[in-house]
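Going by the UniProt record's numbering, the first residue of the sequence shown is number 1, and it counts up by one from there. Virtual Cβ for every residue (Gly too), placed ideally from N, Cα, C. Inspection log for the structure reproduced underneath, given as structure tokens.
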Amino acid sequence: MTVTVFLLALGATLRVTRFLSDDYLTRNVRAFFIRRFGEDHDLAYLAGCPWCLSIYIGGGIGTLAWFYGEHPGFLIPAICLTISWLVGIASTWLDGDA
Numbered sequence: 001m002t003v004t005v006f007l008l009a010l011g012a013t014l015r016v017t018r019f020l021s022d023d024y025l026t027r028n029v030r031a032f033f034i035r036r037f038g039e040d041h042d043l044a045y046l047a048g049c050p051w052c053l054s055i056y057i058g059g060g061i062g063t064l065a066w067f068y069g070e071h072p073g074f075l076i077p078a079i080c081l082t083i084s085w086l087v088g089i090a091s092t093w094l095d096g097d098a
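Set out below in structure tokens:
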């Protein structure tokens, strides 16, 4: 795995983790786990914990990067996700929300 592929996998992991654990668009998914299992259940906790969720997302994306890192089917989505994450960080920083 090249450094570039690793950094793209890292950026993709950051963006997907943030999207699933904190984004407004996935609030219903998180709410489903809380309603279905209760607030104290491990799955409900996992759905809103970026630190916990990133282990599984990173494992999946890291495995894809290892086997398919040079393939456009991995590179194009990973580039888009990494750019999305960088734009989100930059806009938060530039808007003074951080």
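Between the region 60-75 and the region 22-41 there are fewer than three inter-stretch CB-CB distances shorter than 8 Å, so the stretches are not counted as touching.
Out of ARG18, SER91, LEU86 and THR2, the CA that lies nearest to the CA of TYR56 is found in ARG18.
Contact between the region 85-96 and the region 38-53 is not established, with fewer than three Cβ pairs separated by less than 8 Å.
DSSP, reduced to helix, strand and coil, places ASP40 outside both helices and strands of the structure shown, so it counts as coil. ASN28 and LEU81 have their C-alpha atoms some 22 Å from each other.
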